[in-house]
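Residue numbering for the sequence shown is 218 to 435, as defined by our numbering.
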Amino acid sequence: MAVYRFKISFEDYDDVTREVDIKSTHTFEDLHRAIHLSTGYKPEYSSSFYISNDQWIKGQEIAYMPNQRKIDRGVALMENSKLSAFIDDPHQKFYYTFNFDRPFDFHVELIKILDDAPGITYPHVVKSTGEAPKQFGNVFTPTATSSSAAEDDFDFLNEMEIVPEDTSELESMLDAEEVDDTEKGHDDEHGSDEEEDEFGDEFADNEHYDDGNERDDY
218 MAVYRFKISF
228 EDYDDVTREV
238 DIKSTHTFED
248 LHRAIHLSTG
258 YKPEYSSSFY
268 ISNDQWIKGQ
278 EIAYMPNQRK
288 IDRGVALMEN
298 SKLSAFIDDP
308 HQKFYYTFNF
318 DRPFDFHVEL
328 IKILDDAPGI
338 TYPHVVKSTG
348 EAPKQFGNVF
358 TPTATSSSAA
368 EDDFDFLNEM
378 EIVPEDTSEL
388 ESMLDAEEVD
398 DTEKGHDDEH
408 GSDEEEDEFG
418 DEFADNEHYD
428 DGNERDDY
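Below you can see the structure in the form of structure tokens.
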């Protein structure tokens, strides 16, 4: 009986590949499960193989756990589809998408046709290169952040940015602030010289003031 050897590679991770031997009478569901036996992923997610040309353009679909729309369209099911029924090229290619909600895409290429070997249980992983990325690890789910929390983070970053690396510069800044605060306090208590001059001028020009007597208009 013929055995197909497929090379499976992640579309987005070129250094991660697998080679799987599988009998021609096995189904696409068997290949689907064999792939995830080699990656460590849980296979129970809606997925599809597509007959592909050399440019990995998708053709006929063969689905696992399809949605109702695909069922209504009469899409072929993996569990009912033998590999041999869809292979007429010794270098047949399939584009494969695993888990449509959070997908990984693969290139699946037939690289050899062998005779089955005694003592081997098929499907059989014959080669594994590179560590598969974590399942769903390529998906980022943002966490909602309140505006006040975001503002707090922004303020904290701003405070971090103005701290100088040189501690002597920091000490100079602190000394300068103390001087400013002292001068400001003195001015608040006694008023500036300019304010005192203005007050003196107004005091001298007051026609209603007479040697400590009360103002006439009171």
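Virtual Cβ for every residue (Gly too), placed ideally from N, Cα, C.
Indicate the three-state DSSP secondary structure (helix, strand or coil) for residue i in the structure shown.
i: Ile279; result: strand
i: Phe227; result: strand
i: Ser263; result: coil
i: His253; result: helix
i: Ile288; result: helix
i: Asp247; result: helix
i: Phe303; result: helix
i: Glu326; result: strand
i: Glu348; result: coil
i: Ser363; result: Bear in mind that the predicted position of Ser363 carries a pLDDT of just 36, short of 50, making it too unreliable to give a figure here.
Is the CB-CB distance between residue i and residue j below 8 angstroms?
i: Phe266; j: Phe311; result: yes
i: Pro307; j: His243; result: no
i: Met188; j: Glu246; result: Absent from the structure is residue 188, since the part of the chain shown begins at 218 and ends at 435.
i: Leu254; j: Val342; result: yes
i: Gly257; j: Ala349; result: yes
Measure the alpha-carbon distance for residue i versus residue j and round it to whole angstroms.
i: Tyr230; j: Asp322; result: 10 angstroms
i: Thr338; j: Arg250; result: 14 angstroms
i: Ser263; j: Tyr281; result: 5 angstroms
i: Arg286; j: Tyr313; result: 19 angstroms
i: Ala367; j: Ile274; result: For Ala367, the predicted structure reports a pLDDT of 39, less than 50, and the residue's modelled location is therefore unreliable. The matter cannot be settled from this model.
i: Ile225; j: Pro283; result: 22 angstroms
i: Asn270; j: Gly276; result: 8 angstroms
i: Val292; j: Glu278; result: 6 angstroms
i: Gln309; j: Gln272; result: 12 angstroms
i: Arg235; j: Glu326; result: 11 angstroms
i: Ile252; j: Asp305; result: 22 angstroms
i: Gly336; j: His324; result: 29 angstroms
i: Ile288; j: Leu248; result: 21 angstroms
Measure how close the beta-carbons of residue i and residue j come, nearest whole angstrom, since I'm counting them as under 8 angstroms.
i: Val233; j: Thr346; result: 7 angstroms
i: Phe227; j: Ile268; result: So it is not a contact: roughly 20 angstroms between Cβ atoms.
i: Lys259; j: Gln352; result: 7 angstroms
Is there at least one Cβ from chain C nearer than 8 angstroms to residue i's Cβ?
i: Asp231; result: Given the protein chain composition of this structure (a single chain), no chain C is represented.
Does the region 290–300 touch the region 311–320, meaning 3 or more C-beta pairs lie closer than 8 angstroms? no
Subject >> the region 219–233 in contact with the region 330–341 per 3-pair CB rule at 8 angstroms >> reply: yes
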